[in-house]
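Down below is the structure, laid out as C-alpha cells.
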Amino acid sequence: MDSLGNERRRFRRFPVEGTVRLYSPKAMWTCDLVDLSLRGCLITRPDAFDGSHGDNYRVDIRLAGGVMIGMSCRLARPFDDRLAFSCQKIDFDSFVKLKRLVEINLGNTEVLFRELAEFSHH
C-alpha cells in the first residue's frame, strides 16, 4: 500500500510474526498472522475455509515469546489467499497487550493516542 493509502487508514497495520487459531461454531483452523492493528488482523487463508463476509469468529493470536491476544472478530474481507478480520470484542488483558505492541511498532505516542481515540468511537 502506498503512503497515501496508509495516511487514509484510521488504524495503522504492521507486520507481526505469529500463529493464529481461528474458530467458528463448527471448525478450527491454524494459520499465520500477516499483520495486526488496533482494529483487527490479516491472516493467511486456511485450507478448506468456507466462511463468508460478515461471519463471526474467535481469533486467538500467539506472538513470539508466547504473548497471547484473543478477540471476537467479523470477517471483513475474504481474499483468495488471506482473510481480513475486524475486531468486535476484546478482553482487557488482550487489549493491553495489543496496545503495547502497537505503541512499540508506531514509535510515536501522538499517533497511538489518535488511534486510541478513534478506537473508542467504534
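In terms of my numbering, the sequence shown opens at residue 45 and continues consecutively.
Using N, Cα and C, we set each Cβ at its ideal position, and we do this for glycine too.
A quick note: this is a predicted structure, and the numbers were derived from the prediction, not measured.
Bridge partners for residue i per DSSP, in chain order?
i	result
Ser130	Gly84 and Arg118
Asp76	Thr63
Phe93	BP columns for Phe93 are empty, so no partner.
Phe58	Leu80
Please name the residue, chosen from the options, that lies closest to residue i on a Cα-to-Cα basis.
i	options	result
Gly98	Arg106, Met115, Phe129 and Arg57	Phe129
Asp79	Glu61, Pro122 and Arg65	Glu61
Tyr67	Glu147, Leu145, Arg126 and Asp104	Asp104
Leu107	Ser138, Asp124 and Arg83	Ser138
Val64	Leu82, Met115, Arg83 and Ala92	Met115
Pro122	Arg89, Trp73, Arg83 and Phe58	Arg89
Asn149	Ala71, Leu82, Thr74 and Met72	Leu82
Ser96	Thr74, Gly109 and Ala120	Ala120
Cys117	Arg144, Asp125, Phe136 and Gly84	Gly84
Asp125	Arg144, Glu147 and Asp91	Asp91
Pro69	Asn100, Pro59 and Arg57	Asn100
Gln132	Met72, Arg102 and Phe58	Arg102
Kindly indicate the opening and closing residues of the beta strand (DSSP E) around residue i.
i	result
Val111	Counting along the chain, Val111 falls outside any beta strand (DSSP E), and DSSP gives it neither H nor E.
Gly62	Gly62 to Tyr67
Asp104	Asn100 to Leu107
Among residues of its own chain, excluding the 5 on either side of residue i, which ones have a beta-carbon nearer than 7 Å to its beta-carbon?
i	result
Lys141	Val111 and Ile113
Trp73	Leu66, Pro90 and Phe93
Among the residues of its own chain, which have a CB less than 6 Å from the CB of residue i, if the five just before and after it don't count?
i	result
Arg53	A caution first: Arg53 carries a pLDDT of 48, below 50, which makes its placement in the model unreliable, though a value can still be read off. Here the set comprises nothing.
Ile134	Met115
Pro59	Asp79
Just to confirm the assignment, what range does the alpha helix (DSSP H) spanning residue i have?
i	result
Arg144	Phe136 to Leu150
How close, in whole Å, do the beta carbons of residue i and residue j come, if the pair is a contact with beta carbons under 8 Å?
i	j	result
Asp76	Ile87	7 Å
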